[in-house]
Amino acid sequence: MDSSLRSSLLFFIGALILAISLHPAVATTAAYPTTPGAGSGECSLAGGDDVIIPPRREVHGNGRIFDISHKYVPDMPVFESKDGLGYFLWLQHSMKNGSIANNSEMKIPTHTGTHVDAPGHVFDHYFDAGFDVDTLDLEVLNGPALLVDVPRDTNITAEVMKSLNIPRGVRRVLFRTLNTNRRLMFQTEFDTSYVGFMVDGAKWLAENTDIKLVGVDYMSVAAYDHLIPSHLAFLEGREIILVESLKLDDVPAGVYSLHCLPLRLVGAEGSPIRCILIK
Ligand SMILES: *[C@@H]1O[C@H](CO)[C@@H](O)[C@H](O)[C@H]1NC(C)=O
Ligand SMILES: *[C@@H]1O[C@H](CO)[C@@H](O)[C@H](O)[C@H]1NC(C)=O
Ligand SMILES: *[C@@H]1O[C@H](CO)[C@@H](O)[C@H](O)[C@H]1NC(C)=O
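Just so you know, the sequence shown maps onto residues -27 to -1, 1 to 252 in mature numbering (1 follows the signal peptide of the UniProt record, and there is no 0).
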């Protein structure tokens, strides 16, 4: 980078930091208080008389942008675990210990929190052939999407899929279920009674719709009793992408622009994914 460009860039960044720190009361939103931690300013930085509280939002852009990814916190649930994620993030280099900056490190299973499954997750030959999360099509992960409510008294069967009457041509669907009402993603202990796809529902979707992105509100698209068969039905064709553990609380059902970006983890069959819905 040319040095005058660099100094003007540094000046710009400095001005930006100054502008941000001169704003003493960064607004927190009380719009979605049902999500734990929203607007509570958990991470406040004491600075003399002024307390600067970083905004922690579920909804951005005047109610237009919904963050549908879960926060990574130690008490979040992990598949088949009683104890949840636990200690996963630590400050490897800290200013208090004389480092010039704070640098954290983390360790998490790739299927933790809001995440995506690649075909290699349940097909060993796809894994060996390299169908990892880096091979997923960003065109499928980004575009118009429908958020639908599934009847609350059932898992997702072929009958349920038929009853939802999702028109042909719809390529991305987020299924909100009883899991959201039960707030399962906010409970540390894994619960096998979550709602998901039964194998006939997964097959029906693959064979009778144009849906290529399936999003659900707990850790697996498949109901626990059909864990592997439903995953196989979805991933066999390598066209359908599964996004799991979405945070669909307090978002009105309807059509949105969905934006989901996995990490480019070469060799991994799963990845944390940041997803947002834009109205
Ligand atoms: C740096 O880490 C220390 C802990 O060593 C923490 O108290 C401090 O707030 C951190 N500073 C920043 C700028 O994040
Ligand atoms: C600072 O270093 C000490 C000694 O290595 C260690 O015990 C402590 O946990 C460190 N603190 C932080 C905040 O990194
Ligand atoms: C969904 O299936 C699971 C088993 O996979 C079961 O425990 C649960 O009760 C079912 N939920 C509903 C609403 O039928």
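The beta carbon of each residue, even a glycine, is placed where N, CA and C say it ideally should be.
Since this is a predicted model, take the numbers as computed values, not measurements.
One question on the structure: do residue i and residue j come within less than 8 Å of each other, judged by their Cβ atoms?
i, j, result
"R156", "L120", "no"
"Q160", "P92", "no"
"M79", "N128", "no"
"Y45", "G86", "yes"
"E217", "H88", "yes"
"G57", "P47", "yes"
"T182", "R141", "yes"
"V228", "P117", "yes"
"I41", "L250", "yes"
"N115", "L231", "yes"
"Y99", "R211", "yes"
"K220", "H66", "no"
"N152", "D101", "no"
Identify which residue in the options has its Cα closest to the Cα of residue i.
i, options, result
"D223", "L62, L236, R30", "R30"
"M192", "I213, Y167, L64, T182", "Y167"
"S76", "T83, P82, M68", "The identity of residue 76 in the sequence shown is Asn, whereas the question assumes Ser. For the residues T83, P82, M68, the minimum Cα distance to N76 belongs to M68."
"I81", "V32, L238, L62, L114", "L62"
"V106", "S72, F52, L234", "L234"
"K55", "V189, V187, E162, A195", "E162"
"H94", "G169, I41, V194", "V194"
"E53", "N115, Y197, P225, S72", "Y197"
"P225", "L64, D101, D122, F96", "D122"
"K252", "F39, P27, V113", "F39"
"S113", "G188, P28, V239, P202", "According to the sequence provided, residue 113 is Val. The question's Ser does not apply to it. Answer by Cα proximity: G188."
"F96", "L111, P202, G169, P27", "P202"
Going along the chain, which residues of its own chain have a beta-carbon closer than 6 Å to the beta-carbon of residue i, five neighbours each way excluded?
i, result
"D173", "T130, A131"
"A90", "The sequence given here has Asp at residue 90, not Ala. Excluding positions up to five away in sequence, the list reads L215, G243."
"D164", "L157"
"T108", "none"
"A241", "T83, D105, V106"
"K135", "none"
"H199", "M171, V172"
"R247", "S42, L234"
Taking 8 Å as the CB-CB cut-off, is residue i touching chain D?
i, result
"P82", "The question asks about chain D, but that chain is absent: this structure has only one protein chain."
Please return the same chain residues whose Cβ sits closer than 8 Å to the Cβ of residue i, not counting the five positions on each side in sequence.
i, result
"residue 277", "Past the boundaries of the shown model lies residue 277; the chain is included only from -27 to 252, so the question cannot be answered."
"P(-4)", "Unreliable placement is indicated for P(-4), whose pLDDT of 34 sits below 50; the coordinate value is still reported in the next sentence. Hits under 8 Å: D23, I25."
"V133", "V123, P124, T127, G174"
"L137", "V121, V123"
"I73", "none"
"D110", "I214"
Which same chain residues, not among the five before or five after residue i, have their C-beta less than 7 Å away from its C-beta?
i, result
"V239", "D105, D107"
"L64", "N75, S77"
Item to complete: Pick out the complete alpha helix (DSSP H) segments inside the stretch 71 to 124, 4 residues or longer, and give them in chain order.
Response: 97 to 102, 111 to 114
Worksheet item: Would you call the stretch 201 to 218 and the stretch 174 to 191 in contact, with 3 or more CB pairs under 8 Å?
Response: yes
Practice prompt. Could I get the ranges of all uninterrupted alpha helix (DSSP H) runs contained in the stretch 140 to 164, with 4 residues as the minimum, in chain order?
Written response: 151 to 154
Practice prompt. Could I get the ranges of all uninterrupted beta strand (DSSP E) runs contained in the stretch 157 to 215, with 3 residues as the minimum, in chain order?
Written response: 186 to 189
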